[in-house]
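Novice: Following this message is one structure expressed as structure tokens.
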Amino acid sequence: MLCGWLCFIFTLDKESIVNTITQEKENRPIFSKKIRRFAIVGIITFPLLIGGYFGWQYYKENFIPPGKIRILIANFDGLDPKKYRVTEIILEQLQKATKEYTDIEVISLGDSITAQQRSKGIDDIFKQYKPSILLWGWYGVTEERAIVSLHFEIKKELRPLQLLQEELSQKIAVAELNSFVFQERLSKEMAYLTLLTVGLACYKAQEYDDAILRFTRAISQTIVPVEMVAPAAIHLYRGNAYCFKSDYDSAMTDYNQAIKLNPTHPVAYNNRGNVHTIKNDLTQAIADYNQAIALDSTNEASVNSRCF
């Protein structure tokens with residue numbers, strides 16, 4: 008602002024002098040023509056520089072390169088956040104779980120979201136910050152008990168994953184909150200969900216190597232938020248990714264695990280039947296197709312595959 012103001016003064020500032028011939032007062036510029044020209048250039052370019060600077064800052068904060076996954080974490084609403092460190096621990100754990108992936112960034116919103124803001128406020132946050140995943144929630148504490156509510160919001164374009172529910176609410180002993188045991192467990196559950204979601208985004212984009220890496224890293228978290236996602240899902244999708252890469256042995260292992268975790272999953276039986284067919288084990292293939300049809304009589308894929 009000061010530079011712009013000085014340029015303005017250099018252009019317009021004049022002094023009153025007496026003409027030695029006419030003896031009349033005249034207003035003449037104080038500064039030379041060269042300085043005034045320089046000042047005019049400054050008046051024109053200064054706003055452009057300022058606008059460019061702030062535009063660049065906005066660009067850096069809000070532009071996400073194609074293929075980039077942004078995970079945005081809001082401050083958990085609750086008393087004494089420095090004591091319980093719910094937001095801080097989740098942020099640290101997610102950054103740790105995703106640090107090897109250059110296409111994932113985990114950032115803090117720096118503000119909390121209340122239940123009253125969920126409808127309009129969430130939409131505004133997705134428009135402004137363009138996250139792929141948004142985590143937010145709140146917690147309340149009494150002398151003996153605590154309740155924590157967490158919301159896992161996924162951008163509409165990245166929804167191949169059907170969550171059983173988007174909210175996770177748990178009542179726990181205050182001791183678990185004070186010792187950070189609950190925060191650590193919650194962080195691992197969110198790391199699992201995050202890596203699963205990102206893996207599905209890669210799977211949807213037919214980037215099967217990247218999908219497998221993220222699915223595998225999610226499985227390594229060991230703690231699964233079973234209230235929000237069926238554990239068999241990640242093995243089913245990883246098995247599919249292996250199939251697309253023609254790694255049928257690995258696919259079979261994942262389909263076996265998916266069926267072990269959920270013996271009533273018709274798609275897992277159907278897909279395992281496809282692998283048996285590829286391996287020319289037709290007896291096992293027919294058995295899997297029969298089971299898929301028994302679990303879902305509308306499954307035309309299994310009927311057609313069995314006939315083939």
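Per our numbering, residue 8 is the first one in the sequence shown, and the count goes up by one each step. We put the beta carbon where it would ideally sit given N, CA and C, even for glycine.
1) Mind checking which residues open and close the alpha helix (DSSP H) that includes H242?
2) Got a sec? Which residues, its chain only, sit under 6 angstroms from M259 by beta carbon, not counting five neighbours each side?
3) Look at the alpha carbon of E164 and the alpha carbon of S253, and state the distance between them as a whole number of angstroms.
4) Restricting to Cα atoms, I'd like to know which of Y146, L202, A240 is closest to K106.
5) Identify which residue in G117, T204, K211, Y262 has its Cα closest to the Cα of A236.
6) With H, G and I counted as helix, E and B as strand and the rest as coil, what does DSSP make of S227?
7) Report the residue from S119, T229, I111, G85 whose alpha carbon sits nearest the alpha carbon of W143.
8) What do you reckon, are the CB atoms on L207 and L141 nearer than 7 angstroms?
9) Using the three-state DSSP reduction, which class does Q177 fall into: helix, strand or coil?
10) Give the DSSP bridge partners of D84, in chain order.
11) On the DSSP bridge list, what partners appear for E160?
12) When the distance is taken between beta carbons, is Y255 closer than 7 angstroms to R279?
13) Using 8 angstroms as the cut-off, can you tell me whether the region 177-194 makes contact with the region 143-161, which would need three or more C-beta pairs spanning the two stretches below that distance?
14) Short check: CB of E196 to CB of I241, under 7 angstroms?
15) Scan the region 89-136 and note each continuous beta strand (DSSP E) run of 3 residues or more that stays entirely inside, going in chain order.
16) Just list the residues that DSSP pairs R152 with in beta bridges.
17) From F251 to Y215, what does the alpha carbon distance come to, in whole angstroms?
18) Going by DSSP, name the residue or residues bridged to R279.
19) Using the beta-carbon count (16 or more within 10 Å), is V274 buried or exposed?
Specialist: The relevant details are as follows:
1) Boundaries of the alpha helix (DSSP H) around H242: 239-251.
2) Only V282 meet the Cβ criterion.
3) Going from the Cα of E164 to the Cα of S253 covers about 27 angstroms.
4) Among Y146, L202, A240, the Cα nearest to that of K106 belongs to L202.
5) What sits at residue 236 in the sequence shown is Val, not Ala. For V236, the closest C-alpha among the options G117, T204, K211, Y262 is that of T204.
6) DSSP, reduced to helix, strand and coil, places S227 outside both helices and strands of the structure shown, so it counts as coil.
7) Ranking the options by Cα distance to W143, first place goes to S119.
8) It is not a contact, given that the beta carbons lie outside the stated cut-off.
9) Note: Q177 maps to strand in three-state DSSP.
10) Answer is W145, bridged to D84.
11) The secondary-structure analysis by DSSP pairs E160 across a beta bridge with L141.
12) In this structure, R279 lies away from Y255, with their beta-carbon atoms at least 7 angstroms apart.
13) Cβ pair count under 8 angstroms is three or more, so yes.
14) No, they are not a contact pair.
15) Here the runs fully enclosed are 111-119.
16) The beta-bridge partner set that DSSP reports for R152 consists of A180.
17) Roughly 7 angstroms between the two C-alpha positions.
18) When beta bridges are read from the DSSP output, R279 appears opposite no residue.
19) When all chains shown are included, V274 counts as buried.
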